[in-house]
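Trainee:
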Amino acid sequence: MKVPIETTVNGKVYKLEVEARFTLLDILRDELKIKSVHRGCEEGECGACTVLLNGKPVCSCLVLTPQIDGTEITTVEGLLKDGELHPLMLAFVENDAIQCGYCTPGVIMTAYYLLNNRTEFTDEEIRKGIEGNLCRCTGYVHIVKAIKAAKESRDSGNWW
Amino acid sequence: MGKREKRLVSGKGWYVDDISFPNMAHCLFVGSPYAHAKIQSIDVSKALRMPGILTVITGQEVVELIEPLPATADFGALGWHWRIPKVYPLAVDKVTFQGEPVAVIVAEHPYVALDAVDLLDIKYEPLPPVTDAIEAMRADSPLVHEEWGDNIQIHLEFNFGDVEGAFKEADRILNVSWRENRVSGFPIEARGCVAWYDESTETLNMWCSTQVPFLLQQCVSQVLRIPTSRVRVVVPDIGGAFGNKDSSYWKDPVVGLASILTERPVKWFESKREFLVTGPHQRDVIWDGEVAVKNDGRVLGIKAKLIQDLGVESSNRGPAAASLVAACCSVPNAYHLEGLRIDAYGVVTNKSPYGAYRGFGKDKGLKFMERIMALVSKECNIEPAELRLRNFIQPYEFPYKQIQGYMYDSGNYPAVLEEGLKLAEVDSWRVKQRELRKQGKYIGIGVAFVVEPAGTTVPYCAHSGLVQARVRITPDGIVEVYSDRTELGQGAEATNAMVVSDILGVKSDDVVIKPVTSDMIGIGSISSRGAVYCLSAIAKGARELRAKVVKVASALLKEEPENISMNDSIIYSVKNSGKKCTYKELANYAYFRPGPRGLPKDIQMEQAFLLDVLTSWYSPNTIENPTSTYTTFCAGADIVIVEVDVATGVTRILEYVHVHDAGKIISKGIVDGQIYGGVVQGIGEALSEELVYTKSGELLSNSYADFVMPTAQDSPDIVVGHIETPSPFTELGSKGMGEAPIIGSKAAIINAIEDALSPFNVRVPESPATRERVRQWILQAQQR
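Chains A and B supply the protein sequences, listed in that same order. Here the first sequence stands for residues 489 to 648, where the numbers follow the numbering used here. Here the second sequence stands for residues 453 to 1236, where the numbers follow the numbering used here.
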């Protein structure tokens, strides 16, 4: 069964008719060709498909088509400005926080939410903030370091 | 800098699931719900009538179309008990593990394939399964492979040095037993591939998430009866591998077959459940033995029995039957040992196939040894670090021939451990430990030391020393690097580029690392061999190319070769600043200006490969010492402080220190990343990860919710230190690394828990040390 939906993804409005049983993950990847959203466990455990839905991080594998109608979605592609990397992304590159890269876009979206919603935080709070994103490569140390570096960017006004 | 990383962070990755072709179909492997059953019949007619279903392939059909899976290793040639089963990617008349594929559905959409599963009418006759290695060794056990007559795939006996002499000389003999339960790597990206049989070139093109495209090509070629030159494997970005994407590609040939039969490109991207249920599993070992020690703590000899549960088998659907050999041979670790005897069994059960996971097998012997050191430390009342210092091979003894025949290249073990002790402030933790015990708080100090054999090159086995690299300069002055070194997130691309850029004096932006394909001969990124074999071949190629560049530049700039240098993509004379050219000018000259006014004749004679160098590389160590099946030996010391809550069984990590000696370091950030990631995987194995099977052979931990990997919150900050003792056996002095941290951290944490619980006299018998088990051990010890 197909249902009509309207959603704004990375600032662009889409009117689609898609299968009701498709997930937001399916729609982003297969219909809109947004490839940063990675298919991980598809059970809401790993966070590789994390996107912002109305500003909040969600596992896009757990959101069904009818729930998408009228929402606003942001993925890492939406953080680029004229093709330029967001300071948060740059912090990940500069701090060796990307190894295989499969979890990275999801972690970025969670970290982006954290940085936009908390003024101050400890290392412990960063770790708690990203605990919904599993990473099997980095042991999280470089990721925590990158988020701290991004916070400095944010505090110095280098942010969007 | 960070070309690849910038691409990945902004969503421009190119993983196997990102590959899409017009008209592409999707396939789904339908797995058996039973661990052991006869297949009575499969009726696919209803599914075939469903719209969107292209075909359904069953095991019975497959036998007609393809060859059985080839073996990855056959040590039968050495006279060892080594059985190779005849198996196909799909079960033919009997299933031997839960999830074993019985059919493949090819459909227009993955959801349509899922819908069709319920339309398959498959009748099974359940057979009694065996899911425990000890039970599988009994005479009355159900048989996994009936034709064998028992469940022993492998039996090895190793006798190194003078075991009897060591036991005669001993002051005391200690009993030791240790068990590691079943785990695996399970990277966030599961396995998958896209296959497209192109009829116009009669070539099967495959894009696979694999560490080993060259080996995968051989397998597909043999199974599908297509000449190797008509099978081409391309490796896209890989979302983690950890050995799980080594030779566990047994489903991939079926995807190729599906493309041939449907005349369509076909994608297979498995679900996480399929990965956990049918993916390669690891560890699951039981050790029992005796240790001969002197009262001063010197370990003289070890006699042990090893039982390794290989699941259904691990020679054709995985590469890890051979890990039994590595497990036995790695026991001596960093220590002087007079004798070692191991009686080792690789047992088959009705569980998922065994494969490679970070550590492969080396980890098992090393952890056994580090558990022995914890025992000796306690029984002889010697501090764990002091005990190791007394047993260490000393820096002046390298290269050191260890009793099993491994030629240790170089090392400074005391320096590595002492740096760790300093960073962890172990002495002050000992004082705190005594004080806290009075308050009912139990902290433990865990030490482990690991010498990681890296860079496998095993005879009678696909995992040989094959490697090839090509470094060439394009007519527009770009340096291209082709190699077998697949990028798994371990920094292959970055370090390849750094080495080449450094040797040739070109900007890193002017170096292009080409995607790895099966065109390059080589075993790929396994066994931490990247910095051993692949980088050696690349560096050797770059150095040969540099010599050629100097020759051409000498002719072009009319300058003596010894005065030519290069930096920042400019080639110049060190004597005359006016004499210089860009790489682009040089390459253009070399490629397109032959003839009398161009290059001199002797240089032109080399024209065919003037700026194009192909190299291979072989370990000088292994040529001289055929028993040394690894080339470099890095070392790591892990020191961890834990607190065990004896009321709840919860273990909390208070401090973690890892000191590593990986020889010459190419990139500190990358080496550190390997350490952090490995340590945390070891923590997961030590505390929470476990593949639990029911008696009937059903995998209970079949999702990330049940197979509990560490989150950021479960993981500690990690203090890292480095010592650099270059390897004399590699081109750059670098050593393979990346496995020691997962090995050392698991052993150190188990040792720390045991130390914390020493007032209760708990011996930790197995891993993971879940909170339930910790409570159980305390209660059992109290009842004794």
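Glycine included, each C-beta is placed from N, C-alpha and C at the ideal position.
Distance check for Y628(A) and R769(B), CA to CA, integer angstroms please.
Mentor: 32 Å
Trainee: Could you work out which residues of chain A lie near V1131(B), taking near to mean beta carbons separated by less than 8 Å?
Mentor: What V1131(B) touches in chain A: G627.
Trainee: Under 7 Å between C-beta atoms, does L603(A) make it to chain B?
Mentor: no
Trainee: Buried or exposed, going by whether 16 or more other CB atoms sit within 10 Å of the CB of L918(B)?
Mentor: Flag for L918(B) reads buried.
Trainee: Would you say G907(B) and T1083(B) are within 7 Å of each other, going by their C-beta atoms?
Mentor: yes
Trainee: If you draw a straight line from the C-alpha of A638(A) to the C-alpha of V883(B), how long is it?
Mentor: 39 Å
Trainee: With DSSP collapsed to three states, give me the class of K1116(B).
Mentor: coil
Trainee: Distance, Cα to Cα, N475(B) vs V646(B)?
Mentor: 12 Å
Trainee: What residues in the segment 580-592 of chain A have a beta carbon less than 9 Å from any beta carbon of chain B?
Mentor: F580, V581, E582, N583, D584, A585, I586, Q587, C588, G589, Y590, C591 and T592
Trainee: Looking at the strands, I want to know which residues DSSP matches up with S1068(B).
Mentor: Paired residue(s): Q920(B).
Trainee: Pick out the complete alpha helix (DSSP H) segments inside the segment 564-621 of chain A, 4 residues or longer, and give them in chain order.
Mentor: If we require 4 residues or more, the alpha helix (DSSP H) runs fully inside the segment 564-621 of chain A come out as 575-582, 592-605 and 611-617.
Trainee: When you compare the CB positions of P575(A) and V491(A), do they come within less than 7 Å of one another, or not?
Mentor: no
Trainee: Could you tell me whether the Cβ of P485(B) comes closer than 7 Å to any Cβ of chain D?
Mentor: Checking the listed chains, one finds no chain D in this structure; the protein chains it contains are A and B.
Trainee: On a Cα-Cα basis, can you pick out the residue from E1095(B), V635(B), C660(B) and D1054(B) that is closest to Q1133(B)?
Mentor: V635(B)
Trainee: Which two residues bound the contiguous beta strand (DSSP E) that contains E560(A)?
Mentor: E560 to T562
Trainee: Please decide whether V527(A) counts as near chain B, where near means a Cβ-Cβ distance under 7 Å.
Mentor: The question names Val, yet the displayed sequence has Arg at residue 527(A). So, interface residue.
Trainee: If you follow the alpha helix (DSSP H) that K830(B) is part of, which residue opens it and which one closes it?
Mentor: In the DSSP assignment, K830(B) falls within the alpha helix (DSSP H) that extends over K814 to E831.
Trainee: Pop quiz: C986(B) and R924(B) are said to be a contact at Cβ under 8 Å. What is the actual Cβ separation, rounded to whole angstroms?
Mentor: The Cβ separation is near 16 Å, so there is no contact.
Trainee: In three-state terms, what does DSSP make of H630(A)?
Mentor: helix
Trainee: Starting from L1231(B) and walking both ways along the alpha helix (DSSP H), at which residues does that stretch end?
Mentor: R1223 to Q1235
Trainee: Are the segment 647-657 of chain B and the segment 672-685 of chain B touching by the rule of at least three beta carbon pairs closer than 8 Å?
Mentor: With three or more CB-CB distances shorter than 8 Å, the segment 647-657 of chain B counts as touching the segment 672-685 of chain B.
Trainee: For W534(B), count neighbouring Cβ atoms within 10 angstroms of its own Cβ and tell me buried if that reaches 16, exposed if not.
Mentor: Under a 10 Å Cβ-count criterion, W534(B) is classified as buried, with 16 or more other Cβ atoms of the shown protein chains found around its own Cβ.
Trainee: Beta-carbon of E565(A) versus every beta-carbon of chain B: anything under 7 Å?
Mentor: yes
Trainee: Mind listing which residues of the segment 505-528 of chain A have their C-beta closer than 9 Å to chain B's C-betas, in chain order?
Mentor: E507, R509, F510, D514, R517, D518, K521, I522, K523, S524, V525, H526, R527 and G528
Trainee: Grab the span of the alpha helix (DSSP H) containing M476(B) for me, first residue to last.
Mentor: Per DSSP, M476(B) belongs to no alpha helix (DSSP H) and is neither H nor E.
Trainee: Using a Cβ-Cβ distance cut-off of 7 Å, determine whether D469(B) contacts chain A.
Mentor: yes
Trainee: Do you know how far the Cα of V1004(B) is from the Cα of I1012(B)?
Mentor: Correcting the residue identity first, residue 1012(B) is Glu in this sequence and not Ile. Straight-line Cα distance between these residues: approximately 11 Å.
Trainee: What residue from V506(A), L603(A) and C623(A) has the CA that sits closest to V614(A)'s CA?
Mentor: Looking at the sequence itself, residue 614(A) is Ile, so the reference to Val does not match. The candidate whose alpha carbon is nearest that of I614(A) is L603(A).
Trainee: For W720(B), tell me which candidate among S699(B), E641(B), Q1235(B) and P784(B) has the shortest Cα-Cα distance.
Mentor: Here the closest residue by C-alpha is E641(B).
Trainee: Note down, in chain order, each residue of its chain lying with its Cβ closer than 6 Å to the Cβ of F619(B), except the 5 sequence neighbours on either side.
Mentor: A744 and G753
Trainee: For a minimum of 4 consecutive residues, which ranges assigned as the alpha helix (DSSP H) are wholly contained in the segment 463-534 of chain B?
Mentor: 497-501 and 511-517
Trainee: Report the three-state DSSP secondary structure of S629(B) (helix, strand or coil).
Mentor: strand
Trainee: Examine the Cβ distances between the segment 851-869 of chain B and the segment 1175-1185 of chain B and report whether three or more of them are shorter than 8 Å.
Mentor: Yes: at least three Cβ pairs fall under 8 Å.
Trainee: Please compile the residues from chain B whose C-beta is within a distance smaller than 7 Å of the C-beta of K616(A).
Mentor: Q1165
Trainee: How about L568(A): is its C-beta nearer than 7 Å to some C-beta of chain B?
Mentor: yes
Trainee: Cα-Cα, which of A477(B), V556(B), G551(B) and I471(B) is closest to L512(B)?
Mentor: Reading off the sequence shown, one finds Gln at residue 512(B), where the question assumed Leu. Nearest to Q512(B) by alpha-carbon distance, out of A477(B), V556(B), G551(B) and I471(B), is V556(B).
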